[in-house]
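>
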Amino acid sequence: MASATLAFPLTGAVHIAHPSERLPDAPGRLVDIGGQQIHLNCTGNGWPTVVFEAGAGDFSIVWSLVQPGVSAFTRACSYDRAGYAWSDPGKTPRTYDQIALELFTALQRAGEHGPFVLVGQSYGGLLVREYARRYSKEVAGVLLVDAVHEDGRIDMGNGTPQRIRDWAKGRARPEPRVVADSTLIGLRRSIVSPPIDTTALESPLDRLPRPLQDVWRVASEDSVYRLSWAAEMDWSPEELQRMHDERLRDRATLGNVPLVVISRAAGPPSDSLATERAALQRDLVALSHNAKQVVATRAGHNVHLEEPALVINNIRKLVLGVRKMG
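For the sequence shown, our numbering begins at 2 and goes up steadily by one.
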């Protein structure tokens with residue numbers, strides 16, 4: 002496929018062959034973190050730099066409705082986790098500190114300087130919390146966008162909602178290290194992707210510019226991406242149980258780090274899961290002694306796609322607050 006015209010500025014576009022020649026040039030840089038390349042797209046200027054962490058299965062371009070607005074007043078970086086889109090697959094298991102190490106190393110190798118304001122949506126909220134735990138001196142603020150709570154339940158379709166952490170098996174968490182998965186890289190290069198479906202993506206992804214929807218379809222057809230996503234989900238119960246246990250000892254695991262929790266509206270009282278979710282969103286505010294909650298009244302789970310101006314405005318306030326603190 003010919004290179005698409007992306008909706009935000011390109012920096013050092015590099016053509017690569019995976020997952021197929023139909024994937025356009027990377028909008029950012031391919032950063033070598035030690036034999037493994039991570040796609041990092043940084044735009045704008047200013048301090049502090051805002052770093053975006055996407056939800057489960059989402060690519061860096063999911064922030065294309067937010068990143069341009071943020072890069073108008075400060076530096077902003079989105080990236081693709083290992084195995085996603087332009088990024089090489091990495092070491093398994095996909096523990097949260099493994100993912101944090103890869104992001105930390107990519108930012109360092111790219112010359113991006115912290116401390117950073119971290120923005121995480123859904124599953125990405127769990128990841129930025131881990132980054133803040135592991136690299137506390139590198140974090141100036143955190144913004145969670147309808148983030149997953151470690152005690153949350155999901156409807157499995159059988160009428161019995163379950164907590165993800167209840168599936169934990171007590172597996173030991175290995176020490177993280179940067180290692181490219183050469184087997185998956187070889188698999189990525191050997192598989193021919195099926196023809197592209199050119200119909201618009203389902204809501205709310207249909208809010209993305211049409212060229213980016215085409216990129217999304219190509220990237221999501223990659224078998225390595227699907228295996229990488231599955232590996233993240235496989236390890237998540239272990240991490241959620243650990244986070245639950247840590248917060249039994251200390252509810253404010255972020256200490257005094259400035260925190261903004263953006264949550265979707267609570268939903269009708271008759272929806273017990275929605276009521277529970279709203280209570281857990283309020284509990285996320287307790288992660289820091291310096292926190293507030295903002296309710297997105299015109300959006301569902303994907304606030305960054307459905308109400309991007311709200312996310313941009315709250316990032317701006319957080320950035321200005323960090324600047325005042327020096």
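Don't be surprised by glycine CBs; every beta carbon is placed ideally from N, CA and C.
It should be emphasised that the depicted structure is a prediction, and the values quoted were computed from it without experimental measurement.
My output table needs one value for T96: the three-state DSSP class, helix, strand or coil.
Correct three-state label for T96: coil.
> With a floor of 3 residues, list each beta strand (DSSP E) that falls wholly inside the segment 260-293, ordered by position along the chain.
Counting whole runs of 3 or more residues, the segment 260-293 contains the beta strand (DSSP E) stretches 260-265.
> When you compare only the Cα positions, how much space is there between G327 and E176?
Cα to Cα, the separation comes out at about 34 Å.
> Tell whether a beta-carbon distance below 8 Å holds between S123 and H245.
No. Outside cutoff.
> Pick helix, strand or coil for R178, following the three-state DSSP scheme.
DSSP places R178 in coil when its eight states are reduced to three.
> Anyone know if the C-beta pair for I34 and A86 falls short of 8 Å?
No, these two residues do not count as a Cβ contact at 8 Å.
> Evaluate the contact criterion for the segment 147-158 versus the segment 70-82: three or more CB pairs, one atom per stretch, below 8 Å.
Short answer: they don't touch.
> What did DSSP end up calling V32 once you bin it into helix, strand or coil?
Strand.
> According to DSSP, is V15 part of a helix, a strand, or is it coil?
In this prediction, V15 scores a pLDDT of 36, lower than 50, which makes its location untrustworthy; no coordinate-derived value is stated.
> Does the count of Cβ pairs from the segment 202-220 and the segment 59-70 closer than 8 Å reach three?
Output reads yes: the segment 59-70 touches the segment 202-220.
> For V52, report the span of its beta strand (DSSP E) as first-last.
Per DSSP, V52 belongs to the beta strand (DSSP E) from V51 to E54.
> How many angstroms separate the CA atom of R299 from the CA atom of S264?
Approximately 11 Å between the Cα atoms of the pair.
> What are the partner residues of S79, as DSSP defines its beta bridges?
According to DSSP, S79 bridges with N42.
> Only counting the same chain, and skipping five residues up and downstream in sequence, which positions put a Cβ closer than 6 Å to that of L104?
Excluding residues within five positions, none has a Cβ falling inside 6 Å.
> Is G142 buried or exposed, if buried means 16 or more other CB atoms sit within 10 Å of its CB?
Classification for G142: buried.
> Look up A169 in the DSSP assignment and say whether it is helix, strand or coil.
A169 falls in the coil class under three-state DSSP.
> Grab the span of the beta strand (DSSP E) containing L255 for me, first residue to last.
Per DSSP, L255 belongs to no beta strand (DSSP E) and is neither H nor E.
> Given that a residue counts as buried once 16 or more other Cβ atoms are within 10 Å of its Cβ, and exposed if not, what is P1?
An answer regarding residue 1 cannot be provided, because it is not within the stretch 2 to 327 covered by the chain.
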